[in-house]
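Okay, so here's the structure we're looking at.
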Amino acid sequence: FLDYINPDSLTVQTVKVEPSLAEAKPGSRFQFMRQGYFIADSEDHTPEKPVYNRTVALRDTWAKLQNG
């Protein structure tokens, strides 16, 4: 399956989260407000460097309504 992963995927490294999220176990799932659903990476997630992968994006219907 690694052959199908986009090597140019967006990586965001300067985000802020609640400190408790650093203690999440690999494989734990969360919803980040207005962003989507994420999972703690099973290999790279550590308390010192938490890594979350987006599994489902939330649709932005508010922007659609504003633009009309």
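Take any residue in the sequence shown, count from 1 to its spot, add 3: that is its number in this note's numbering. Ideal Cβ placement from N, Cα and C applies to all residues, glycine included.
Counted within 10 angstroms of its Cβ, other Cβ atoms place residue i as buried (16 or more) or exposed
i   : result
A60 : exposed
F41 : buried
Y55 : buried
Selection from the options that minimises the alpha carbon distance to residue i
i   : options           : result
F35 : R57, A27, N70, Y7 : R57
L38 : Y7, D47, V20      : Per the sequence presented here, residue 38 reads as Gln, with Leu not at that position. Nearest C-alpha to Q38: V20.
Identified DSSP bridge partners for residue i
i   : result
R32 : I42
Y55 : A43
A60 : G39
Beta carbon of residue i nearer than 9 Å to that of residue j
i   : j   : result
A27 : P10 : no
P22 : S45 : no
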